[in-house]
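Enquirer: Those letters in the sequence shown? Residues 1 to 322, per the UniProt record's numbering, in order.
Glycine included, every Cβ here is placed at the ideal spot set by N, Cα and C.
Bear in mind that the values here come from a model prediction, so they are computed numbers and not experimental data.
This is the structure, below, for whatever I ask next.
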Amino acid sequence: MSPSPPNSPRFAYKGDRLKPLRAFCQTARLGSVSRAAEALYLSQPAVTLQLQALEREMGVRLLERSGRRIALTREGQELYDLARPLVEGLDGLDSVFHERIRGLDAGELNVAAGSSTILYLLPPIVEAFRAAHPEVRLSLHNVTGASGLDLLRSDAVDLAVGSMLDVPADLSYEPVYRFEPMLITPRDHPLAQKDDLTLQDLSPYGLILPPQRLTTYRLIDLVFQQNRVPYTVALEVGGWEVIKQYVAMGLGISIVTAICLTEADRERLSARSLADYFPSRSYGVVVRKGKYLSPQARAFVELIKPALFERGDYYSTGQSER
1 MSPSPPNSPR
11 FAYKGDRLKP
21 LRAFCQTARL
31 GSVSRAAEAL
41 YLSQPAVTLQ
51 LQALEREMGV
61 RLLERSGRRI
71 ALTREGQELY
81 DLARPLVEGL
91 DGLDSVFHER
101 IRGLDAGELN
111 VAAGSSTILY
121 LLPPIVEAFR
131 AAHPEVRLSL
141 HNVTGASGLD
151 LLRSDAVDLA
161 VGSMLDVPAD
171 LSYEPVYRFE
181 PMLITPRDHP
191 LAQKDDLTLQ
201 DLSPYGLILP
211 PQRLTTYRLI
221 DLVFQQNRVP
231 YTVALEVGGW
241 EVIKQYVAMG
251 LGISIVTAIC
261 LTEADRERLS
271 ARSLADYFPS
281 RSYGVVVRKG
291 KYLSPQARAF
301 VELIKPALFE
311 RGDYYSTGQS
321 ER
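Below, the structure is given as structure tokens:
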């Protein structure tokens, strides 16, 4: 038998590449060797040995300490992007296999979405999904912002549906719908009858806005500041339905996204586009890069937009997008 080439890599730790890669991915995800050991039901020394073996085989340093946490080096980040979908695909092979052979006859689907998305955008999609797949248990998690992203990253939900302005590097966002910004007033309000509406015309009237921590408030404030137009906030309150009700009562005016306006609203409110001043808001599907979408998740996404993630290879395991 001819000898191995001198540069041929040899894996020293029990001849198993999956175990060190799994330990590496857990350490990178949790930022701690001890926490990775707990998640893998191993001892901390065992995980340390696996990490050392992996670094020896790759010939580079993959992890470094940053304060109290373990952080990825530049080379470690590259390996993590490659290894995570592979490890998760192998670890989930059994469940994926059984999902494939039984199709959509059972299983569950977890979707994260904000109140507006659940109330105005998802009802026809949920109705169609339930009609086509009545045996699938569908759970809608009413969360927004960082809470929804945490659920995605921890795989507590399969996907999220909503609006995103800044997309983190580990997530993919595919916009599907766009909605204009709208000024809403009582039907007898002076602004409802004005022909050419400008941002300065809104200045004398108190605005009813969502809380300051939300993107809508910050975006409205930014536009007024950039145009150097003063404005006043008459009331801060959460929920488009509450805002619309208070505007109809004459307590102020508001700037909302057209997603929340129904035919009934247009009978009691005046709604006028502010697209000349404020950007439209997109709504779409958010997934974790490299995430395998179950048959249930694929069927749900197909109802939103067919073939939405085809080019991103989210329907099979493999290398994640950069």
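Tell me A71's beta-bridge partners as DSSP assigns them.
Expert: Answer is E64.
Enquirer: Is it the case that the Cβ atoms of E236 and I208 are separated by a distance below 9 angstroms?
Expert: Closer than 9 angstroms, so yes.
Enquirer: Run through the segment 174–236 for me and flag every whole alpha helix (DSSP H) of 4 or more residues, listed as ranges in chain order.
Expert: The qualifying runs are 190–193, 199–202 and 215–226.
Enquirer: In chain order, what residues of the same chain lie with their CB nearer than 6 angstroms to the CB of S139, ignoring the 5 residues before and after it?
Expert: Correct list, in chain order: N110.
Enquirer: Here's the rule: buried if 16 or more other CB atoms are within 10 angstroms of the residue's CB, otherwise exposed. What is G76?
Expert: Answer is buried; the Cβ neighbour count reaches 16.
Enquirer: Answer with buried or exposed for P181, where buried requires no fewer than 16 other C-beta atoms within 10 angstroms of its C-beta.
Expert: Buried: at least 16 other Cβ atoms inside 10 Å.
Enquirer: Determine the burial state of residue 324: buried for a count of at least 16 other Cβ atoms within 10 Å of its Cβ, exposed for fewer.
Expert: This structure does not reach residue 324, given that the chain is present from 1 up to 322, and the question cannot be answered.
Enquirer: Does the segment 280–289 come close enough to the segment 63–80 that 3 or more CB-CB pairs lie under 8 angstroms?
Expert: No: the two stretches stay apart, fewer than three of their Cβ pairs being nearer than 8 angstroms.
Enquirer: Anyone know if the C-beta pair for D155 and K244 falls short of 9 angstroms?
Expert: Cβ atoms of D155 and K244: not closer than 9 angstroms.
Enquirer: What separation, rounded to the nearest whole angstrom, lies between the Cα atoms of V287 and Y41?
Expert: If you take the alpha carbons of V287 and Y41, they lie about 28 angstroms apart.
Enquirer: With G162 as the anchor, note down where its beta strand (DSSP E) starts and where it stops.
Expert: Its beta strand (DSSP E) spans residues L159 to G162.
Enquirer: Going by C-alpha to C-alpha distance, which of E38, A234, K289 and S270 sits closest to Q193?
Expert: Ranking the options by Cα distance to Q193, first place goes to S270.
Enquirer: By how many angstroms is the C-alpha of R153 removed from the C-alpha of L63?
Expert: About 20 angstroms.
Enquirer: Can L303 and A128 be called in contact, C-beta distance under 9 angstroms?
Expert: Cβ distance < 9 angstroms, so L303 and A128 count as in contact.
Enquirer: Ignore the nearest five residues each way along the sequence and tell me which others in Y246's own chain have a CB closer than 6 angstroms to its CB.
Expert: I208.
Enquirer: Determine whether the beta carbon atoms of A112 and L159 lie at a separation below 9 angstroms.
Expert: Yes. Within cutoff.
Enquirer: 9 angstroms is my cut-off, CB to CB: does L93 come that close to chain D?
Expert: The question asks about chain D, but that chain is absent: this structure has only one protein chain.
Enquirer: Which runs of the alpha helix (DSSP H) fall wholly inside the segment 112–150 and span at least 4 residues, in chain order?
Expert: Entirely contained in the segment 112–150, the alpha helix (DSSP H) runs reaching 4 residues are, in chain order, 123–132.
Enquirer: Relative to the C-alpha of R272, which candidate in L293, P186 and V233 has its C-alpha closest?
Expert: For R272, the nearest C-alpha among the options comes from P186.
Enquirer: Is DSSP giving residue 409 helix, strand or coil here?
Expert: For residue 409 there is no data in the structure shown, the boundaries of the chain being 1 and 322.
Enquirer: Mapping DSSP to helix, strand and coil, what is G31?
Expert: Three-state DSSP puts G31 in coil, outside helix and strand.
Enquirer: With DSSP as the reference, label P5 as helix, strand or coil.
Expert: Legend: pLDDT at P5 = 45, less than 50; position of this residue unreliable, value from coordinates given subsequently. Note: P5 maps to coil in three-state DSSP.
Enquirer: Rounded C-beta distance between I255 and L191? I'm assuming under 8 angstroms.
Expert: Not confirmed; about 12 angstroms, so no contact.
Enquirer: When the distance is taken between beta carbons, is R137 closer than 9 angstroms to G92?
Expert: Result no, Cβ atoms of G92 and R137 do not sit closer than 9 angstroms.
Enquirer: Terminal residues of the continuous beta strand (DSSP E) containing Y41?
Expert: Run containing Y41: none; DSSP gives neither H nor E here.
Enquirer: Return the chain-ordered list of same chain residues with a C-beta closer than 6 angstroms to the C-beta of A28, the five sequence neighbours on each side being excluded.
Expert: Only L72 and Y80 meet the Cβ criterion.
Enquirer: Excluding sequence positions up to five away, which residues of its chain have a Cβ less than 8 angstroms from the Cβ of A12?
Expert: In this prediction, A12 has a pLDDT of 45, which is less than 50 and means its spatial position is unreliable; what the coordinates show is noted afterwards. Here the set comprises A53, R56 and E57.
Enquirer: Using alpha carbons as the reference points, say which of V233, N227, S203 and Q225 lies closest to Q212.
Expert: The shortest C-alpha separation from Q212 is found at V233.
Enquirer: With 16 as the cutoff for other CB atoms within 10 Å, does P20 come out buried or exposed?
Expert: Flag for P20 reads buried.
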